[in-house]
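Step one of this worksheet: look at the structure below.
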Amino acid sequence: GAVVSQHPSWVICKSGTSVKIECRSLDFQATTMFWYRQFPKQSLMLMATSNEGSKATYEQGVEKDKFLINHASLTLSTLTVTSAHPEDSSFYICSASDGDTEAFFGQGTRLTVV
Amino acid sequence: DAKTTQPPSMDCAEGRAANLPCNHSTISGNEYVYWYRQIHSQGPQYIIHGLKNNETNEMASLIITEDRKSSTLILPHATLRDTAVYYCIVASGGSNYKLTFGKGTLLTVNP
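Top to bottom, those sequences are chains A and B.
Our numbering puts the first residue of the first sequence at 445, with every later residue one more than the last.
Our numbering puts the first residue of the second sequence at 44, with every later residue one more than the last.
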């Protein structure tokens, strides 16, 4: 299957700082990328959908000013958690699709805010 | 809300076939059935998907009932590495493609 790479795999940051997570499609052009987060023992929750070159569409209850998503190219999307707080600690996962086939997921980023 | 219903957990003996059921009684005509799995602390892995015909690939087989209201994922010879949470998801293709995850089935393969 296609390869989607997330970076970093894990990050620890201080409360109040911002953290950027990158998601890259390595061998295909991702017209759409999705961002999820997953709390322990829970399922994945879709946060937002982004299409290359346009603003992301956020799911209900997700603060767009806190979770900044940029999808500037067909192979890269970034999620920035601004002014992170301990309750933002979670497993963040991206997925990418070329619009015609199934979506492929990155390996996830474990964010811990201290 | 998830549009699928799966048993929360199942057990399977190593080397035997694992049959994971999924109900999706409200599936629309243009929605596909997708199966993904998630091994602990990793991103989900695509397994297979189908519209109305049965599908088979190197990982699994997908059997969809004629009325499309349910399906079964079959892992023909389960190994310990197949222990994971398996998610059955219905979603439209193309520009409306969006995967919404339910709680899935925790499959435990026992030696």
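For every residue, glycine included, the Cβ atom is placed at its ideal position computed from N, Cα and C.
* Can you have a look at residue 454(A) and say buried or exposed, based on whether 16 or more other CB atoms are within 10 angstroms of its CB? => Here residue 454(A) corresponds to residue number 10 of the first sequence, with the count starting at 1. The residue is exposed, with fewer than 16 neighbouring Cβ atoms inside 10 Å.
* Straight-line gap, residue 44(B) to residue 458(A) (C-alpha atoms, nearest Å) -> As a working mapping, residue 44(B) is identified with position 1 in the second sequence. As a working mapping, residue 458(A) is identified with position 14 in the first sequence. Here the model assigns residue 44(B) a pLDDT of 45, short of 50, so the residue's position is not dependable and the matter cannot be decided.
* Exposed or buried, which one is residue 501(A) when buried takes at least 16 other CB atoms within 10 Å? -> Here the question's residue 501(A) lines up with position 57 in the first sequence. Exposed: under 16 other Cβ atoms inside 10 Å.
* **residue 513(A) beta carbon near the ligand SAH (any heavy atom closer than 7 Å)** => No copy of the ligand SAH occurs in the structure displayed, which carries no ligand at all.
* Identify the continuous beta strand (DSSP E) that holds residue 54(B) and give its terminal residues. => Here residue 54(B) is taken as the residue at index 11 of the second sequence, counted from 1. Its beta strand (DSSP E) spans residues 52–56.
* To do: Identify whether residue 468(A) lies in helix, strand or coil by the three-state DSSP scheme.
  => For the purposes of this step, residue 468(A) is taken as residue 24 along the first sequence, with counting starting at 1. The answer is strand: DSSP assigns residue 468(A) an E or B state.
* How should residue 134(B) be labelled, buried or exposed, when 16 other C-beta atoms within 10 angstroms of its C-beta is the threshold for buried? -> As a working note, residue 134(B) is residue 91 in the second sequence. Residue 134(B) counts as buried, since no fewer than 16 other beta carbons sit within 10 angstroms of its beta carbon.
* **Where residue 488(A) sits in the DSSP three-state scheme** => Stepping through the first sequence from its first residue, residue 488(A) is reached at position 44. DSSP places residue 488(A) in coil when its eight states are reduced to three.
* May I ask which residues mark the beginning and end of the beta strand (DSSP E) holding residue 554(A)? => On the first sequence, position 110 is the one that residue 554(A) refers to. From DSSP, the beta strand (DSSP E) with residue 554(A) extends over 553–557.
* Are the beta-carbon atoms of residue 75(B) and residue 88(B) separated by less than 8 Å? -> If you number the second sequence from 1, residue 75(B) lands on position 32. If you number the second sequence from 1, residue 88(B) lands on position 45. Against a cut-off of 8 Å, the Cβ pair of residue 88(B) and residue 75(B) comes out as no contact.
* How about the segment 53–69 of chain B and the segment 122–130 of chain B: do they share at least three Cβ pairs that are nearer than 8 Å? -> yes
* Out of 482(A), 465(A), 544(A), 533(A), state which residue places its alpha-carbon closest to the alpha-carbon of residue 556(A). => Counting from one through the first sequence, the residue named residue 556(A) turns up at place 112. Closest by alpha carbon: 533(A).
* Amino acids of chain A, ordered along the chain, whose beta-carbon sits closer than 8 Å to that of residue 140(B) -> As a working note, residue 140(B) is residue 97 in the second sequence. Ordered by position in chain A, the residues that pass the 8 Å Cβ test against residue 140(B) are 476, 541, 543, 547.
* **Through-space distance from residue 112(B) to residue 68(B), alpha-carbon basis** => As a working mapping, residue 68(B) is identified with position 25 in the second sequence. As a working mapping, residue 112(B) is identified with position 69 in the second sequence. Whole-angstrom Cα-Cα distance: 4 Å.
* To do: Pull out every residue of the segment 484–500 of chain A whose Cβ sits closer than 7 Å to any Cβ of chain B, in chain order.
  => 487, 488, 490, 493
* Between residue 144(B) and the rest of its own chain, which residues show a CB-CB distance below 6 Å, the 5 nearest in sequence each way excluded? -> Taking the first residue of the second sequence as 1, we reach residue 144(B) at position 101. Here the set comprises 130.
* To do: From the DSSP output, read off the bridge partner residues of residue 473(A).
  => In the first sequence, residue 473(A) corresponds to position 29, counting from 1. According to DSSP, which records beta bridges pairwise, residue 473(A) is partnered with nothing at all.
* **Cβ-based burial, residue 63(B) [other Cβ within 10 Å; buried from 16]** => As a working note, residue 63(B) is residue 20 in the second sequence. Of the other Cβ atoms in all chains shown, 16 or more fall within 10 Å of the Cβ of residue 63(B); this residue is therefore buried.
* To do: In the DSSP assignment, find the unbroken beta strand (DSSP E) run with residue 91(B) in it and report its ends.
  => Counting from one through the second sequence, the residue named residue 91(B) turns up at place 48. Residue 91(B) -> beta strand (DSSP E) spans 88–93.
* Three-way DSSP call (helix, strand, coil) for residue 530(A) in this model -> By 1-based counting over the first sequence, the position of residue 530(A) is 86. Three-state DSSP puts residue 530(A) in a helix.
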